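Engineer:
Numbering (UniProt numbering), first residue to last: 1 to 350.
In structure tokens form, the structure reads like this:
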């Protein structure tokens, strides 16, 4: 008799599928008792996996336009849970350019993994350049996705750590022995004041050792916090206070704040085209307020307005104005942007 056990065994084994393992969900939250992420090597390996997942997300989204649409969709989904927001739909795409976009679950997994890593950095008291890099990446990605739950804590941590590092540097400079700076007979400091005669045993005075922000990164972080206060929280007083406290000198930020104070939607639209994508995302939080004021101004001051002018000044298409903002104006006859929107009709005298 022929033995069939070998064939049956191979068929049985072929039906077994390997268990799919997601490296981002391997670890839990350190605040819930996860201890494996407290290792520096594990943290760096985990961050590498996060970057790889983010690059795969960007590749799947396609070109720059597709990536912007994906982030816009994420922003709309995020703001949809807030009653105070009035987001716009993603831009319409022609059927010829239509391609499947990556699922929001993938970005949610990235945000969840970044939260685990940030908790691990705090629990392990890690404040080197790696920690700074993680928090900067978390802040930038959160801004692109309009996820303030991600970018706002990261910005605050970076700013708080920068202030602590600066305070430590001032304290170390204050403890320099007086003999190190004793002037010579020529009125110049002696050679003992050189950097080679002042060893640093604390390991936190240099930016590379302490994870301190560079001047460019510090400017970036403070600018984001000022825009967040002005646009998302609609607190212009706090925005100006942050700008003054951190001595932020940025002409574009000044123009944005001035346009919000004066309800100048013309300047707002102009400067929005001049800033980078991160600042545009933060400015999107104030779009409902600016657009509502623009519509009220047009409704009070004009009888009719060209369609192209209305769409350019409100930053929304005519269909979006009708569907999402309940604009009851009438669109006149014609073609293209030369068509006029009738705001009020003049009644003929009887």
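For glycine and all other residues, C-beta sits at the position ideal for the given N, C-alpha and C.
Since we're looking at a predicted model, the values are computed, not measured.
1. Whole angstroms is fine: what's the gap from residue 240's alpha carbon to residue 246's?
2. Determine contact between the stretch 54-64 and the stretch 247-265, defined as no fewer than three beta-carbon pairs at a distance below 8 Å.
3. Going by the DSSP bridge assignment, what does residue 331 pair with across the sheet?
4. Any heavy atom of the ligand ZN closer than 7 Å to the Cβ of residue 319?
5. Does the stretch 301-316 come into contact with the stretch 108-119, if we say contact requires no fewer than three beta-carbon pairs (one atom in each stretch) closer than 8 Å?
6. May I ask you to report which of helix, strand or coil DSSP gives residue 226?
7. Would you kindly report the start and end of the unbroken beta strand (DSSP E) that includes residue 304?
8. Output needed for residue 148: all residues of its chain with C-beta closer than 8 Å, excluding positions within five of it in sequence on either side, in chain order.
9. Of the choices 294, 70, 29 and 212, whose alpha-carbon is the least far from that of residue 115?
10. Which parts of the stretch 114-160 are runs of the alpha helix (DSSP H), unbroken and 4 residues or longer, counting only runs that do not cross its ends?
11. Using 8 Å as the threshold, is the C-beta distance between residue 46 and residue 117 below it?
12. Measuring alpha carbon to alpha carbon, tell me which of 145, 123, 137 and 222 ends up nearest residue 163.
13. Is it true that the CB of residue 332 sits closer than 8 Å to the CB of residue 324?
14. How would you write the range of the alpha helix (DSSP H) that residue 273 sits in, first residue to last?
15. Use the C-beta contact count for residue 146: other C-beta atoms within 10 angstroms, 16 or more gives buried, fewer gives exposed.
16. Going by Cα to Cα distance, which pick from 268, 305 and 152 is closest to residue 287?
17. Identify, in the order they occur along the chain, each residue of the same chain with its Cβ nearer than 7 Å to the Cβ of residue 95, setting aside the five sequence neighbours on each side.
18. Among the residues of its own chain, which have a CB less than 7 Å from the CB of residue 275, if the five just before and after it don't count?
19. So, under 8 Å CB-CB, residue 298 and residue 305 are touching, yes? Tell me the CB distance rounded to an integer number of Å.
20. Assuming residue 395 and residue 272 are in contact, meaning their beta carbons sit under 8 Å apart, how far apart are those beta carbons, in whole angstroms?
21. Around the C-beta of residue 127, are 16 or more other C-beta atoms found within 10 angstroms, so that it is buried, or is it exposed?
22. May I have the straight-line CA-CA distance separating residue 88 from residue 320, to the nearest angstrom?
23. Does residue 212 pass the burial test, meaning 16 or more other C-beta atoms within 10 Å, or should it be called exposed?
24. For residue 39, which of 31, 285, 277 and 120 has the nearest alpha-carbon?
25. On the three-state DSSP scale, how would you describe residue 233?
26. Please report the distance separating the alpha-carbon of residue 216 from that of residue 258.
27. So, is residue 344 buried or exposed, given that buried needs 16 or more other C-beta atoms within 10 angstroms?
28. Is DSSP giving residue 35 helix, strand or coil here?
29. Give the secondary structure of residue 215 by DSSP, where H, G and I count as helix, E and B as strand, and everything else as coil.
30. With 16 other CB atoms within 10 Å as the buried threshold, where does residue 226 fall?
Structural biologist: Taking the definition as stated:
1. For the purposes of this step, residue 240 is identified with residue 240 of the chain shown, where counting begins at 1. For the purposes of this step, residue 246 is identified with residue 246 of the chain shown, where counting begins at 1. Approximately 10 Å, taken between the alpha carbons.
2. no
3. Counting from 1 along the chain shown, the entry for residue 331 is found at position 331. 341.
4. As for the ligand ZN, it is missing from this structure, which has no ligand bound.
5. no
6. Taking the first residue of the chain shown as 1, we reach residue 226 at position 226. Helix at residue 226.
7. In the chain shown, counting from the first residue as 1, residue 304 sits at position 304. That run of the beta strand (DSSP E) goes 304-306.
8. Locating residue 148 in the chain shown gives position 148, where the first residue counts as 1. Counting only Cβ-Cβ distances below 8 Å, and skipping sequence neighbours, we find 142, 228 and 232.
9. Here the question's residue 115 lines up with position 115 in the chain shown. Looking at the Cα atoms, 29 is the closest of the given residues.
10. 129-144
11. For the purposes of this step, residue 46 is taken as the residue at position 46 of the chain shown. For the purposes of this step, residue 117 is taken as the residue at position 117 of the chain shown. Yes; because the gap between Cβ atoms is below 8 Å, this pair is in contact.
12. Sequence index remark: in the chain shown, residue 163 carries index 163 (1-based). The candidate whose alpha carbon is nearest that of residue 163 is 222.
13. Looking up residue 324 in the chain shown gives position 324. Looking up residue 332 in the chain shown gives position 332. No, they are not a contact pair.
14. Here residue 273 corresponds to residue number 273 of the chain shown, with the count starting at 1. Looking at the DSSP string, residue 273 is not in any alpha helix (DSSP H), and its letter there is neither H nor E.
15. The sequence position of residue 146 within the chain shown is 146, counting from 1. It is buried - the Cβ of residue 146 has at least 16 other Cβ atoms within 10 Å.
16. If you number the chain shown from 1, residue 287 lands on position 287. Closest option to residue 287, Cα to Cα, is 268.
17. Indexing the chain shown from 1 puts residue 95 at position 95. Note that residue 95 has pLDDT 35, beneath the 50 cutoff, so the model's placement of it is unreliable and the number below is only indicative. Closer than 7 Å at Cβ, skipping near neighbours: no residue.
18. As a working mapping, residue 275 is identified with position 275 in the chain shown. Result list for residue 275: 252, in chain order.
19. In the chain shown, residue 298 corresponds to position 298, counting from 1. In the chain shown, residue 305 corresponds to position 305, counting from 1. 6 Å between Cβ atoms; contact.
20. Not covered by the structure: residue 395. The range shown for the chain is 1 to 350.
21. Taking the chain shown and counting its residues from 1, one reaches residue 127 at position 127. Under this definition residue 127 is a buried residue.
22. Looking up residue 88 in the chain shown gives position 88. Looking up residue 320 in the chain shown gives position 320. Interpretation of residue 88 is limited by its pLDDT of 38, a score under 50 that renders its predicted location unreliable; no figure is taken from the coordinates.
23. Walking along the chain shown from the start, residue 212 turns up at place 212. When all chains shown are included, residue 212 counts as buried.
24. Taking the chain shown and counting its residues from 1, the one referred to as residue 39 is at position 39. The candidate whose alpha carbon is nearest that of residue 39 is 120.
25. Locating residue 233 in the chain shown gives position 233, counting from the first residue. Reduced to three states, the DSSP call for residue 233 is coil.
26. Stepping through the chain shown from its first residue, residue 216 is reached at position 216. Stepping through the chain shown from its first residue, residue 258 is reached at position 258. Their Cα atoms are separated by approximately 23 Å.
27. Position 344 of the chain shown, counting from 1, holds the residue named residue 344. Residue 344 is exposed by the Cβ-count criterion.
28. Counting from one through the chain shown, the residue named residue 35 turns up at place 35. DSSP places residue 35 in coil when its eight states are reduced to three.
29. Working through the chain shown from its first residue, we reach residue 215 at position 215. DSSP places residue 215 in helix when its eight states are reduced to three.
30. Looking up residue 226 in the chain shown gives position 226. Buried: at least 16 other Cβ atoms inside 10 Å.
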